[in-house]
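Novice: Going by numbering that gives the first Met the number 0, the first residue of the sequence shown is number 0, and it counts up by one from there.
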Amino acid sequence: MSYRIGSFNLKNLGQTAMGKEHPRDLAKIAEIIRKEDFDVVALQEVLSDGKALSWEQDSLKRSILYELGTKEWGFAWAHAESENDPRSEGYAFLWKNKRLGLPTAKLDDGTERTFHPRICRLKRDLMKRKPYYARFTTIEKGGPYFEIRLLCVHTHFTDKNQRRRELDNLLKEVYPQIEDRVYYGGVPSYTVILGDYNAELRRPFNTSGFYVADIETADRWGGKRIKTVQYEKTTLKRKFNNESKDVDDSIYEGRGYANNYDHFSYDVDRFSGVRIYVRRIDAVRKYCGDDFETYFKTVSDHVPIVMTMNLK
């Protein structure tokens with residue numbers, strides 16, 4: 000049994016993206032999500048209360064959720080509680096209702112409680128932008144029953160030392176506590192951090208000078224080994240006419256990719272019996288005819304990434 004977990008930074012996707020002045024191709028974004036067959040996808044930079052994803056009433060037909068099928072997909076949005084962020088940036092999750100559901104539990108008084116996605120406030124004083132935490136249970140008959148826990152992140156693009164502190168806190172303090180939580184029923188669980196880290200993995204040709212270690216060790220929590228993966232570049236260059244003469248901007252000039260910022264992180268030991276396949280989705284070529292400028296203007300400045308989990 001396999002599950003496809005996606006992550007996609009949608010570059011300031013708000014109400015202005017639905018207007019005539021700076022239109023975004025919401026149908027194209029929905030097409031990417033649908034055709035890449037995500038079971039759940041974590042979204043970053045979703046503004047305006049997520050209205051471009053899920054308008055209500057007469058405006059619904061202008062939303063990504065409408066393009067996907069409102070009855071087929073579940074949706075949740077939350078403000079990222081960013082410090083000094085005038086855009087009111089948020090996160091979102093979209094998931095296939097036929098494959099995944101939100102966990103529920105019966106309380107002592109007979110009522111039922113649903114665990115809805117929420118902002119994670121563990122060690123919140125150390126995070127300029129808090130992660131978005133969701134739990135999903137598998138619901139297909141005959142398949143393995145377990146829980147997928149996701150921490151959707153968008154590390155604030157501050158100085159390198161601040162980003163290093165935030166990533167250390169996320170990987171070495173927040174992740175272990177989320178992974179070790181035991182809820183009603185105590186079913187097996189697999190926890191993944193995913194999103195835009197604003198940091199690259201170390202590679203021979205990486206010149207950014209700021210990296211996420213391949214494996215971080217959370218010593219305070221039993222020496223958990225947290226591995227970060229996805230080595231391909233995922234952000235687009237944005238100066239298509241080479242109009243900038245600034246040497247520092249040269250990485251962004253022309254056609255192609257700029258940075259390796261989008262990743263997944265997981266506990267090596269907890270996932271020891273799980274086969275994992277991670278890759279960048281070649282969305283520019285597949286959905287925009289290899290036209291980087293069109294993709295940049297109508298979809299995003301990031302391409303999505305996907306982790307496929309195969310469990311027996």
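We put the beta carbon where it would ideally sit given N, CA and C, even for glycine.
#1: Alpha carbon to alpha carbon, how far is Leu64 from His301? Give it in angstroms, no decimals.
#2: Would you mind working out which of Ile31, Gly13 and Arg23 sits nearest Arg279, comparing C-alpha positions?
#3: Restricting to Cα atoms, I'd like to know which of Gly288, Asp289 and Glu80 is closest to Arg117.
#4: Quick one, are the C-beta atoms of Gly13 and Leu46 less than 8 Å apart?
#5: Do you know offhand how far Asp167's Cα is from Val211's?
#6: Between the stretch 154-161 and the stretch 211-230, can you find at least three pairs of beta-carbon atoms closer than 8 Å?
#7: Applying the 10 Å Cβ sphere with the 16-neighbour rule, what's the burial state of Val305?
#8: Taking contact to mean 3 or more Cβ pairs, one atom from each stretch, closer than 8 Å, check whether the stretch 214-222 and the stretch 278-298 are in contact.
#9: In chain order, what are the residue ranges of uninterrupted beta strand (DSSP E) at least 3 long that sit wholly in the stretch 117-182?
#10: Are Val191 and Ser264 close, meaning C-beta to C-beta below 8 Å?
#11: Below 8 Å on the Cβ atoms is my guess for Cys151 versus Gly194; work out the distance and round it to an integer in Å.
#12: Indicate the three-state DSSP secondary structure (helix, strand or coil) for Asp195 in the structure shown.
#13: Helix, strand or coil for Tyr294 per DSSP?
Specialist: Looking at the atomic coordinates:
#1: When rounded, the distance between both Cα atoms is 20 Å.
#2: Taking only the C-alpha atoms, the option nearest Arg279 is Ile31.
#3: Nearest in C-alpha terms to Arg117, of all of Gly288, Asp289 and Glu80, is Glu80.
#4: Yes, the pair counts as a contact, with Cβ atoms nearer than the cut-off.
#5: Rounded to the nearest angstrom, the two C-alpha atoms are 9 Å apart.
#6: Touching, no.
#7: Counting every other CB atom within 10 Å of its CB across the protein chains shown gives Val305 a total of 16 or more, marking it as buried.
#8: Short answer: they don't touch.
#9: Whole beta strand (DSSP E) segments, 3+ residues: 131-137 and 146-153.
#10: Between Val191 and Ser264, the C-beta gap is smaller than 8 Å, which places the two residues in contact.
#11: Cys151 to Gly194, Cβ: 5 Å. Contact.
#12: In the displayed model, Asp195 falls within a strand according to three-state DSSP.
#13: Helix, per DSSP.
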